[in-house]
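Number of protein chains: 2
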Amino acid sequence: MFAAAALLVLTAAAAEAKPQGESMSRPFRIVVHGGVGAIRPENRTPEQMAAYRKDLTEAVRAGQQILAKGGAALDAVEAAVRVLEDSPHFNAGKGAVFTADGKNELDASIMNGTTGAAGAVAGVTRIKNPISLARLVMEKSPHVLLISEGAEAFAKEQGVEWVDPSYFHTERRWKELQEIKEKEKQKKTSDAREADDIYGTVGAVALDQAGHLAAATSTGGMTNKRHGRVGDSPIIGAGTYADDKTCAVSGTGKGEYFIRTVAAHELCTLVGYKSMSVEQAADAVVARITDLGGDGGVIVVDPAGRIALRFNTPAMCRGWSEPDGGIVVQIDRE
Amino acid sequence: MFAAAALLVLTAAAAEAKPQGESMSRPFRIVVHGGVGAIRPENRTPEQMAAYRKDLTEAVRAGQQILAKGGAALDAVEAAVRVLEDSPHFNAGKGAVFTADGKNELDASIMNGTTGAAGAVAGVTRIKNPISLARLVMEKSPHVLLISEGAEAFAKEQGVEWVDPSYFHTERRWKELQEIKEKEKQKKTSDAREADDIYGTVGAVALDQAGHLAAATSTGGMTNKRHGRVGDSPIIGAGTYADDKTCAVSGTGKGEYFIRTVAAHELCTLVGYKSMSVEQAADAVVARITDLGGDGGVIVVDPAGRIALRFNTPAMCRGWSEPDGGIVVQIDRE
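Quick note, the sequences are listed as chains E and W, same order.
In terms of numbering that gives the first Met the number 0, the first sequence has 144 at position 145, counting the first letter as 1, and numbering is strictly consecutive.
In terms of numbering that gives the first Met the number 0, the second sequence has 142 at position 143, counting the first letter as 1, and numbering is strictly consecutive.
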C-alpha cells in the first residue's frame, strides 16, 4: 500500500528543501495570504496595489526575521498575521468588513503543528489583534474555542490590547456595506454576500528551522453577514490546521464551504494518507470547493519547506519567503 | 495502492449488511449515544439505570420508525436527538449542565452525508431543541454556524420553539455545579471540569434505505465551563461529520480533544483514504484522543449498515437498531 505513496513523495520532492540562507541554518519558510477575490478597477490604482504589496511584504518579513534567527513557527505566523490585522487593506483586524448590523465581528485561530494544541476566538468586537487572543486561548486556557463576550472576558483577564469598536471603522468597508445593502434592496434578496473585491481572511503558515509547523488565520467575516454568523477562520480543521507530520494550512474564501469540506484538515489527510504533494492536495481541496460552488484559496507549507498557494478566484493577495532570503509577493494570477 | 484497501473492506464486511426487516426493504440503521463518563454509585439505582435505558430506547425507536417507513437518515437523527434533548437524563436540551456562571448554553450540529450540507448553533440559551435549529440553519440560511444572540434572532424568525432559560434548570445538574465549585475552592484551581458522571453530549448517526447517511450531535457543554466556551458539538468535522461515501460520525467527550484531532472528519478519512473498517477507524480515533489525554467516544455507521461504538471511559450511554428490528441499549462496557 505504501509503494505508490513513496513514489509520489519522491516525484514531488523538489529543489527548495536544501538548507540555505545565513550560516548552516536548516530550511525555513513563511507563506501569507491577505484574502481572495477580484480587485475592483477603482482600487486598482498604482498607489492601492503598492499598498497591498507593501503590507504583504511586511507580513512575510515579520515572520521571516523570526524564523531566520531560529525562532518558532508559531511566533512567526502570529507576527505575520498581526501585521495584516493592523493593515487597513485586508479583511481582518483594522480592515474588517461590516456585518449587516453595521458592526465588526472578528474571528481568528492558531495551531501548533508539533503538539496539536490550538486556540480560537469568534465574534469579538473590541480586540485589536484577535490572533494573539487565539494564541492565549491555546496557551492559557483549557479550552480551544471561546466566543463573543466570553472571549472578551478572557481577553480582559489576560490584559490583551483592547480598542473601541470604532477602531475597526474604515470608510472603504462602510461604503461596501452600503453598496451591498443598496443592491439587496434592488434585488429584494436578503442573503449576505461578499463585496466584489478582496475579501475572505488573512493567514500565515510557517516551517521553522527545528522542523516545526504552525498555521494562523484571522478575519472580519463577510460584508453584510448576519449577526452571529461564524465562518471557517476560527474553526480548527476548516480554516486552519497544522501537523508536523503532514503540513500547515490556512484558508480564505467563502467560509461555509471550508467548514463543510473541513478543508484545512482534509488537505493534511490527503498529504498524510494519500501521499499527495502539498500542491496536489491543495488542488484537490480547491477543486472540491469549486465543485460545491464556493470561492477560495489555500496556502500550505510542509516539513521539507515545499509550499503551495492555490485559489479559484481572479486574485489572491499572497507572499512568501524564498530559501535565499528573498520575498515574493503576488496578487493576480501569474 | 488499492489492493490492500480492497482486501480490508472484504475482511471487514460482515453479517449485518443483508436486507432484512419488513418486506424487501434495504438495510437501515440508527445508532445513538447519550454521553460518556462513569455512572456515579448514587445514580446507579435500578430506577435511574432504567430511566437511562428507557430514553435511549425511545431515541433509537424514534429514528427506527422513520427509517423503517423509508424516511430520510436526516429526519431519523433529528428525531432521535430530540428525544434525548427532551430527556432530563442527558447533557443536552432539558438536561444540560450549568456553566460557571450558572447558565445553560447549548450547542448542536447536523450534517447531510449526501449533499455535504451542514448546520450548527452554539451558545443558545432559550431554544428547546437546538438540533432542530441547527437543521434550520442548514436548510434556511446561507450559513453553517450561527452563535449566541445571532442564532436566537434567526430562531425567532423561523418560529422555533422557545423556552424560558429556567426550563433547563434541573436539580441534579445544579447540584453538580455546586459540588465542582466546592472542589475548586479546596483545590484552588479554576479549570472547568467534568462532573464525575455521564457527561459529554448526545448524538445519532443513521443510514436510510436509500443509502444516505446523516449525523447529529447536541450538548449542554461542560459543567462549570467558562462562559463562551464552545466544544466540539457545533463544529462540523470535530463532533459531527457525515459523508455517504465513507461514514457518519457523532462524538462525545472532552470537546477540546475532538476539535484538535478533527475527530469525526479524521474518522471518515481513515475509512475513505486508508480503507479502514468503521471499527478500525473508530479505534484509531479514540486511541489518538487517549494519547492526548482526552476522554470520549464515537458512534459510526457506514453505507453498508456496519456500525462501530468505541469509547475510552467506563461507560457510554448508547443504543442501536438491529437489522431484525430489535433495539439494543448498553451503558457499561459489555
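Even glycine gets a Cβ: it sits at the ideal position worked out from N, Cα and C.
message: At the level of alpha carbons, what is the spacing between E:Gly227 and E:Lys102?
response: 11 Å
- prompt: Do the CB positions of E:Thr200 and E:Thr169 come within less than 9 Å of each other?
  reply: no
- prompt: Residues bridged to W:Thr216 by DSSP?
  reply: W:Ser108 and W:Gly202
query: Which residues in the same chain have their Cβ closer than 7 Å to the Cβ of E:Ile130, if we skip the five residues on either side of it in sequence?
result: Glu77, Val80, Arg81, Glu84, Ala107, Ile109, Ala215 and Ser217
Under 7 Å from the C-beta of W:His88: neighbouring residues of chain E: Going along chain E, no residue has its Cβ under 7 Å from W:His88, so there is no contact; the nearest lies around 26 Å.
- request: Keeping to the same chain, check which residues put their C-beta closer than 6 Å to that of E:Leu132; ignore five residues upstream and five downstream.
  value: Val120, Ile126, Ala154 and Val159
task: Output yes or no for whether 9 Å exceeds the beta carbon distance between E:Val143 and E:Val299.
output: no
query: Is DSSP giving E:His32 helix, strand or coil here?
result: strand
query: Are the beta-carbon atoms belonging to E:Asn90 and E:Gly220 less than 9 Å from one another?
result: yes
- prompt: Between E:Gly261 and chain W, is there a C-beta pair that is closer than 9 Å?
  reply: The question names Gly, but residue 261 of chain E is Val in the sequence shown. E:Val261 counts as touching chain W.
message: Determine, for E:Arg228, whether the minimum Cβ-Cβ distance to residues of chain W falls below 9 Å.
response: yes
Beta-carbon separation (whole angstroms), E:Tyr240 vs E:Ala263, contact threshold 8 Å: 4 Å
message: Under DSSP, the beta strand (DSSP E) around W:Val162 begins and ends at which residues?
response: It is not in any beta strand (DSSP E) - W:Val162 carries neither H nor E in the DSSP assignment.
message: For the beta strand (DSSP E) containing W:Cys316, name the first residue and the last one.
response: Ala314 to Ser320
- prompt: chain W partners of E:Lys273, CB-CB under 8 Å?
  reply: Tyr272
field: Three-state secondary structure assigned by DSSP to E:Phe257
entry: helix
- prompt: Which value, in whole angstroms, describes the spacing of the CA atoms of W:Ala75 and E:Gly92?
  reply: 42 Å
task: Might you give, ordered along the chain, the residues of its own chain that have their beta carbon closer than 6 Å to the beta carbon of E:Gly254, omitting 5 neighbours on each side?
output: Gly230 and Asp231
message: Counting only Cβ pairs nearer than 7 Å, list the residues of chain W close to E:Pro129.
response: In chain order: nothing, as chain W lies at least about 14 Å away.
task: Evaluate W:Arg309 with the Cβ neighbour count: other Cβ atoms within 10 Å of its Cβ, from every protein chain shown; 16 or more gives buried, anything less gives exposed.
output: buried
field: Residues within the region 148-160 of chain W neighbouring chain E, beta-carbon criterion of under 9 Å
entry: Glu148, Gly149, Ala150, Glu151, Ala152 and Phe153
query: W:Glu255 versus chain E: which residues are under 8 Å apart at the beta carbon?
result: Pro141, His142 and Val143
- request: Could you spell out the range, first to last residue, of the beta strand (DSSP E) harbouring E:Asp331?
  value: Ile326 to Asp331
query: Based on the DSSP secondary-structure assignment, which residues constitute the bridge partners of W:Val248?
result: W:Tyr240 and W:Val299
- prompt: Which whole-angstrom value describes the C-beta separation of E:Ala280 and E:Leu266, a residue pair presumed to lie in contact below a C-beta threshold of 8 Å?
  reply: 5 Å
message: My assumption, with CB atoms under 8 Å, is that E:Ala71 sits in contact with E:Asp207. Please give the rounded CB distance.
response: 6 Å
query: E:Gly122 to E:Thr98, Cα distance in whole Å?
result: 11 Å
- prompt: Given that W:Ala237 touches chain E, what residues does it touch there, using C-beta distances under 7 Å?
  reply: Gly236
DSSP state of E:Leu291 mapped onto helix, strand, coil: coil
field: DSSP-derived helix/strand/coil call for E:Ile235
entry: strand
query: Does any residue of chain E bring its CB to less than 9 Å from the CB of W:Leu291?
result: yes
- request: For E:Ser140, count neighbouring C-beta atoms within 10 Å of its own C-beta (all shown protein chains included) and say buried if the count is 16 or more, exposed if not.
  value: buried
message: Along the chain, where does the beta strand (DSSP E) containing E:Val341 start, and where does it finish?
response: The question about residue 341 of chain E has no answer here: the residues shown for chain E are numbered 0 through 333.
message: Using only the alpha-carbon positions, how far apart do W:Ala152 and W:Ser274 sit?
response: 43 Å
- request: Would you identify the three-state DSSP class for E:Ile130, choosing helix, strand or coil?
  value: helix
field: For W:Val35 and W:Gly296, believed in contact at Cβ under 8 Å, the rounded distance
entry: 5 Å
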